[in-house]
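Novice:
Residue numbers (the numbering used here): 96 to 288.
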């Protein structure tokens with residue numbers, strides 16, 4: 096399945112677009128590759144795109160007192176953006192970095208706004224994407240407060256084991272909200288299963 100087909104399948108999970116609406120929407124999309132280590136958005140930069148990951152993975156992080164805190168990982172099939180910056184047009188408080196080579200489809204901000212104006216389905220997609228982003232954030236916050244670090248690690252392993260194995264202890268431990276030593280212990284336990 097090519098990237099546009101994958102994206103159409105995702106959009107269809109939000110709402111059904113008529114063929115002419117899909118054609119109108121898809122003609123504004125851009126495709127781009129990002130090598131591992133590159134940035135889709137840097138802290139302090141205004142976010143101009145929503146990225147659909149055809150392949151690869153990203154991590155979202157912020158700096159505090161010179162220390163990086165990973166707040167999210169995104170994988171193939173996910174929508175990625177510094178959403179607060181995207182909707183407010185203010186500088187991003189997070190950076191989005193490729194942790195693997197990426198193939199992505201980009202939805203430019205202004206073209207998305209134009210699509211919202213021209214299509215009732217466009218407005219619906221925008222609202223449903225906002226609801227989806229809110230739901231993801233709430234689930235992440237609830238996970239941090241209600242499930243163990245071991246269970247959070249297991250969930251991440253279930254989603255993308257290869258990437259988790261190849262991601263630094265530093266990045267994973269800040270994402271899981273634990274010290275690197277605790278993550279090393281969890282990894283050892285998990286590898287024994």
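Ideal Cβ positions, reconstructed from N, Cα and C, are used throughout, including at glycine.
Can at least three beta-carbon pairs, one atom from the segment 186-196 and one from the segment 206-214, be found at a separation below 8 angstroms?
Specialist: Too few Cβ pairs lie closer than 8 angstroms, so no.
Novice: Identify every run of the alpha helix (DSSP H) within the segment 198-246, keeping only runs that are complete inside it and at least 4 residues long; order them along the chain.
Specialist: Listed in chain order, the complete alpha helix (DSSP H) runs (minimum 4 residues) inside the segment 198-246 are 204-213 and 215-241.
Novice: Which partner residues does residue 118 have in the DSSP bridge list?
Specialist: Along the chain shown, one-based indexing puts residue 118 at 23. According to DSSP, which records beta bridges pairwise, residue 118 is partnered with nothing at all.
Novice: How would you label residue 234, buried or exposed, when you count the other beta carbons within 10 angstroms and need 16 or more for buried?
Specialist: Position 139 of the chain shown, counted from the first residue, corresponds to residue 234. When all chains shown are included, residue 234 counts as exposed.
Novice: Compare the Cα-Cα distances from residue 205 to each of 223, 220, 184 and 225 and report the closest residue.
Specialist: In the chain shown, the residue the question calls residue 205 occupies position 110. Out of 223, 220, 184 and 225, 184 has the C-alpha closest to the C-alpha of residue 205.
Novice: Using C-beta distances below 6 angstroms, list every residue in its chain close to residue 272, excluding the 5 sequence neighbours before and after it, in chain order.
Specialist: Against the chain shown, residue 272 aligns to sequence position 177. Excluding residues within five positions, the ones whose Cβ falls inside 6 angstroms are 239.
Novice: For the segment 108-116 and the segment 148-168, state whether three or more C-beta atom pairs, one from each stretch, are separated by less than 8 angstroms.
Specialist: As far as the Cβ criterion goes, the segment 108-116 does not touch the segment 148-168, which means the pair count is below three.
Novice: Would you call the CB atoms of residue 149 and residue 198 closer than 8 angstroms?
Specialist: Looking up residue 149 in the chain shown gives position 54. Looking up residue 198 in the chain shown gives position 103. Taking 8 angstroms as the Cβ cut-off, residue 149 and residue 198 qualify as a contacting pair.
Novice: Anyone know if the C-beta pair for residue 99 and residue 224 falls short of 8 angstroms?
Specialist: Walking along the chain shown from the start, residue 99 turns up at place 4. Walking along the chain shown from the start, residue 224 turns up at place 129. No, Cβ-Cβ distance for residue 99 and residue 224 is not below 8 angstroms.
Novice: Can you check DSSP and say which residues form a bridge with residue 174?
Specialist: As a first step, residue 174 must be located in the chain shown, where it is residue number 79. According to DSSP, residue 174 bridges with 147.
Novice: Between the alpha carbons of residue 166 and residue 188, how many angstroms are there, rounded?
Specialist: Walking along the chain shown from the start, residue 166 turns up at place 71. Walking along the chain shown from the start, residue 188 turns up at place 93. Spanning the two alpha carbons is a distance of roughly 11 angstroms.
Novice: From the DSSP output, in three-state form, read off residue 107 for me.
Specialist: Position 12 of the chain shown holds residue 107. Of the three classes helix, strand and coil, the one that applies to residue 107 here is helix, per DSSP.
Novice: Could you tell me which residues DSSP puts in a beta bridge with residue 167?
Specialist: Taking the chain shown and counting its residues from 1, one reaches residue 167 at position 72. Residue 167 pairs with 155.
Novice: With the cut-off set at 8 angstroms, would you say residue 105 and residue 146 are in Cβ contact?
Specialist: By 1-based counting over the chain shown, the position of residue 105 is 10. By 1-based counting over the chain shown, the position of residue 146 is 51. No; because the gap between Cβ atoms is not below 8 angstroms, this pair is not in contact.
Novice: Residues in its own chain within less than 7 angstroms of residue 121 by CB, not counting five upstream and five downstream?
Specialist: The residue given as residue 121 occupies position 26 in the chain shown. 99, listed in sequence order.
Novice: Quick one: give me the first and last residue of the beta strand (DSSP E) that residue 127 is part of.
Specialist: Here residue 127 refers to the residue found at position 32 when the chain shown is read from its first residue. First-last of the beta strand (DSSP E) with residue 127: 125-129.
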